[in-house]
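*Asks:* Dropping a structure here in structure tokens format, bear with me for questions.
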């Protein structure tokens, strides 16, 4: 298919208001600050618009455009991006553009779908309240009729937020072989079960998931639940991140609440396994707090509480920057976490292989020098920097 033919077909479908959602990704140039763009129709003051959500390295920006202007904007995007996924009201279309702008167009018929146009609509969860999901019933989040228990609604929101991150990562996971996923520090495994359910049951991926934790009783209980639910490609093992050497390659690494440098160990392992997706929610962070010595920041750091919070933010900034330096597109995202604080930070990293120039590493070293920091993760990743 020629580029103009593709653009004409997309324009026609947009003008007919058949768009449900879309994602445009894979920038052609490393220098492109926009990593992907999401599109969806919205209705504001009775006017039908297309919302463009631009995902930069660390921020999101939105733009709402009238239909004809949105069509022109969409056409221009294909000069700068090589991949797109469109969900229309009756089919899903995957588009891939070559270096010479040759178009691969793959369409798949879907059930009738309807766009939700309300700009300030009620939050739509990927897992819906009122529909029973066996793992949520078994874990006590839902009653047998699918109603979310009042005292578990925060956990339900957290699970759905996590699944949104999993859904966003689908494009980075292999589709032609078994997907290997490791969850370090899986604990009670609400999110491990949710990940398995969404990717295996909802999306039909062939995968093998391992949850690893030090608590033997918890692991035994989770393994029993997995067996009862007949989740045959999900296993739980007793073990430590430091001692786990069973893999040579992994597609996704999840680490939730690994304490202090255990998070860094998991991130290091993920890089060495060439993981395509990393999702990490750090827990307590002591390393930088004990190292930091920056007279220029003395007004802040003289207060213990401020020093602790600053050290945590600086630690995650360092982690994100190091992952970027070794070829990951990395973002620090807001994550719902009711066990520690109402809001928490999730490190999301996608393997692109694109590394920034030497100037970026210089800026990183200037930052760590300012803080007198010698990060554990930097030492672990020396051979990749």
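In this note's numbering, the protein residues as written are -3 to 381. Where a beta carbon is used, it is the ideal one built from N, C-alpha and C, also for glycine. None of these values were measured; they are calculated from a predicted model.
#1: Quick check: residue 216 and residue 222, are their CB atoms within less than 8 Å of each other?
#2: Quick one: residues in its chain with C-beta nearer than 6 Å to the C-beta of residue 105, no 5 flanking neighbours on either side, listed in chain order?
#3: Is it the case that the Cβ atoms of residue 109 and residue 16 are separated by a distance below 8 Å?
#4: Inspect the beta-carbon positions of residue 308 and residue 343 and report whether they are closer than 8 Å.
#5: Using 8 Å as the threshold, is the C-beta distance between residue 347 and residue 324 below it?
#6: Is it right to say residue 196 is buried, meaning 16 or more other beta carbons lie within 10 angstroms of its own, or is it exposed?
#7: Which whole-angstrom value is the C-beta distance of residue 276 and residue 263, which I expect to be below 8 Å?
#8: Closest to residue 329 by C-alpha separation, out of 374, 51 and 229, would be which residue?
#9: Once DSSP output is grouped into helix, strand and coil, what is the label at residue 196?
#10: Using a threshold of 7 Å, is the CB atom of residue 300 nearer than that to any non-hydrogen atom of the ligand GDP?
#11: Please state if the CB of residue 194 and the CB of residue 151 are separated by a distance shorter than 8 Å.
#12: Contact between the segment 28 to 44 and the segment 175 to 192: three or more CB pairs below 8 Å?
#13: In the DSSP assignment, find the beta strand (DSSP E) that holds residue 251 and state where it starts and stops.
#14: Tell me, please, whether the segment 64 to 81 touches the segment 8 to 24 by the rule of three or more beta-carbon pairs shorter than 8 Å.
#15: If you draw a straight line from the alpha carbon of residue 48 to that of residue 71, how long is it in whole angstroms?
#16: Let me confirm a value: residue 251 is counted as buried when at least 16 other C-beta atoms fall within 10 Å, else exposed. Which label applies?
#17: Just to confirm the assignment, what range does the alpha helix (DSSP H) spanning residue 376 have?
#18: Less than 8 Å between the beta carbons of residue 260 and residue 373, yes or no?
#19: Who pairs with residue 308 in a beta bridge, going by DSSP?
#20: How many Å lie between residue 118 and residue 192 at the Cα?
#21: Short of 6 Å in beta carbon distance, which residues of its chain neighbour residue 360, apart from the five on each side in sequence? Order them along the chain.
#22: Could you name the residues of the same chain whose beta carbon sits closer than 7 Å to that of residue 271, not counting the 5 residues immediately before and after it, in chain order?
#23: Count the other CB atoms, across all protein chains shown, that sit within 10 Å of the CB of residue 125; report buried if there are 16 or more and exposed otherwise.
#24: Compute the distance between the beta-carbons of residue -3 and residue 89, then report whether it is under 8 Å.
#25: Determine the closest residue to residue 282 out of 350, 255 and 158, with distance taken between C-alpha atoms.
#26: Which residues does DSSP list as the beta-bridge partners of residue 329?
#27: With DSSP as the reference, label residue 55 as helix, strand or coil.
#28: Identify the continuous beta strand (DSSP E) that holds residue 274 and give its terminal residues.
#29: For residue 289 and chain C, any beta-carbon pair shorter than 8 Å?
#30: With a CB to CB cut of under 7 Å and the five nearest residues on each side skipped, what residues in its chain are close to residue 220?
#31: As an exercise, report each continuous alpha helix (DSSP H) stretch of at least 4 residues that is fully enclosed by the segment 88 to 139, in chain order.
#32: Please work out which residues of its chain come closer than 6 Å, Cβ to Cβ, to residue 290, disregarding the five sequence neighbours upstream and downstream, and give them in chain order.
#33: Report the three-state DSSP secondary structure of residue 145 (helix, strand or coil).
#34: So, using beta-carbon positions, are residue 143 and residue 137 closer together than 8 Å?
#35: Reducing DSSP to helix, strand and coil, say where residue 294 ends up.
#36: In terms of alpha-carbon separation, which member of 274, 305 and 375 lies closest to residue 168?
*Replies:* Working from what's here:
#1: The answer is no: Cβ separation not under 8 Å.
#2: 87
#3: yes
#4: no
#5: yes
#6: buried
#7: In this structure, residue 276 and residue 263 form a Cβ contact; the two beta carbons are roughly 6 Å apart against a cut-off of 8 Å.
#8: Out of 374, 51 and 229, 51 has the C-alpha closest to the C-alpha of residue 329.
#9: Three-state result, residue 196: helix.
#10: For the ligand GDP, the structure offers nothing, since it holds no ligand at all.
#11: no
#12: Because the criterion of three Cβ pairs below 8 Å is not met, the segment 28 to 44 and the segment 175 to 192 do not touch.
#13: 248 to 252
#14: yes
#15: 13 Å
#16: buried
#17: 372 to 376
#18: Yes; because the gap between Cβ atoms is below 8 Å, this pair is in contact.
#19: Residue 308 pairs with nothing; no bridge assigned.
#20: Here the model assigns residue 118 a pLDDT of 48, short of 50, so the residue's position is not dependable, and the following value carries that caveat. Cα to Cα, residue 118 sits roughly 26 Å from residue 192.
#21: 317
#22: 246, 247, 248, 249 and 347
#23: exposed
#24: no
#25: 255
#26: The partner list for residue 329 (beta bridge, DSSP) reads 342.
#27: coil
#28: 273 to 277
#29: Chain labels in this structure do not include chain C; a single protein chain is all it has.
#30: Cβ neighbours of residue 220 within its own chain (closer than 7 Å, five residues either side excluded): none.
#31: Qualifying alpha helix (DSSP H) stretches, in chain order: 130 to 134.
#32: Cβ within range, chain order: 366 and 367.
#33: When secondary structure is reduced to three states using DSSP, residue 145 falls in the coil class, being assigned neither helix nor strand.
#34: no
#35: helix
#36: 274
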